[in-house]
């Protein structure tokens, strides 16, 4: 949940609309798409919450309307292999949070990040969005693994990560913009082989014992 989804643009950015490697993702309840200018009010409202900001390493607090507009502007472009998604409800289009991936210097690995606005917690939305992004990564890219991290106190995010098949790799520290210091995190990893086995298991017909 701690991936930095609010980084500055780089010189190698390409318009999001021209990048088929970041397709719109559809799930049973969600539509994941690039952020739009119309999301700014909902984004600012949901992100301006210390309970959210303290779990995302480079989300400022307070989070202003200008922060939201700047984020959406930057999210319209992304380095090849980097995607930022607005998570929206399929039935009414409501903006509920963000998800995305960011490449590592190790080109075989990307990092998954996500956050959900507090009014939408405990509905399984983060898990559903995470699974959609994970499937997209392994189906459209040649990467061998996805990493994720969460604060050691973030039990909900840990459950999302573990339910997605990630395995614990260790602990570390990362800076927090909202808290103004470093915070302890847990690191997790999901490799392609494990993902394939999980997908095969879920696709297998259920039989009575």
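Residue numbers (the numbering used here): 9 to 217.
Every residue gets a Cβ at the ideal spot worked out from N, C-alpha and C, and that includes glycine.
For residue i, the three-state DSSP class (helix, strand or coil)
{"i": "residue 151", "result": "coil"}
{"i": "residue 157", "result": "strand"}
{"i": "residue 206", "result": "helix"}
{"i": "residue 141", "result": "helix"}
{"i": "residue 197", "result": "strand"}
{"i": "residue 146", "result": "helix"}
Beta-carbon proximity of residue i to residue j, cut-off 8 Å
{"i": "residue 187", "j": "residue 62", "result": "yes"}
{"i": "residue 202", "j": "residue 180", "result": "no"}
{"i": "residue 200", "j": "residue 153", "result": "yes"}
{"i": "residue 120", "j": "residue 142", "result": "yes"}
{"i": "residue 125", "j": "residue 105", "result": "yes"}
{"i": "residue 185", "j": "residue 58", "result": "no"}
{"i": "residue 98", "j": "residue 32", "result": "no"}
{"i": "residue 134", "j": "residue 168", "result": "yes"}
{"i": "residue 83", "j": "residue 41", "result": "no"}
{"i": "residue 110", "j": "residue 37", "result": "no"}
{"i": "residue 157", "j": "residue 123", "result": "no"}
Unbroken beta strand (DSSP E) run spanning residue i, endpoints
{"i": "residue 176", "result": "175–184"}
{"i": "residue 131", "result": "Element bounds for residue 131: n/a, residue is neither H nor E."}
{"i": "residue 187", "result": "Residue 187 -> no beta strand (DSSP E), and no H or E assigned at all."}
Start and end residues, alpha helix (DSSP H) containing residue i
{"i": "residue 114", "result": "Per DSSP, residue 114 belongs to no alpha helix (DSSP H) and is neither H nor E."}
{"i": "residue 165", "result": "163–171"}
Of the residues the options, the one placed nearest residue i, counting alpha carbons only
{"i": "residue 8", "options": "45, 93, 34, 169", "result": "Not covered by the structure: residue 8. The range shown for the chain is 9 to 217."}
{"i": "residue 197", "options": "37, 43, 117, 49", "result": "117"}
{"i": "residue 176", "options": "37, 183, 164, 193", "result": "193"}
{"i": "residue 114", "options": "127, 155, 79, 123", "result": "155"}
{"i": "residue 165", "options": "148, 36, 130, 146", "result": "130"}
{"i": "residue 207", "options": "144, 162, 183", "result": "144"}
{"i": "residue 127", "options": "190, 69, 51, 92", "result": "51"}
{"i": "residue 30", "options": "91, 149, 60", "result": "91"}
Proximity test, residue i beta-carbon vs the ligand SAM heavy atom, cut-off 7 Å
{"i": "residue 156", "result": "This structure lacks the ligand SAM, and indeed carries no ligand of any kind."}
Discussion item. So within the region 67–101, which uninterrupted alpha helix (DSSP H) runs reach at least 4 residues, ignoring any that extend past its ends?
Written reply: 73–83
Practice prompt. Can you check the region 26–64 for any alpha helix (DSSP H) of at least 4 residues that lies completely inside it and give the ranges in chain order?
Written response: 48–55, 58–61
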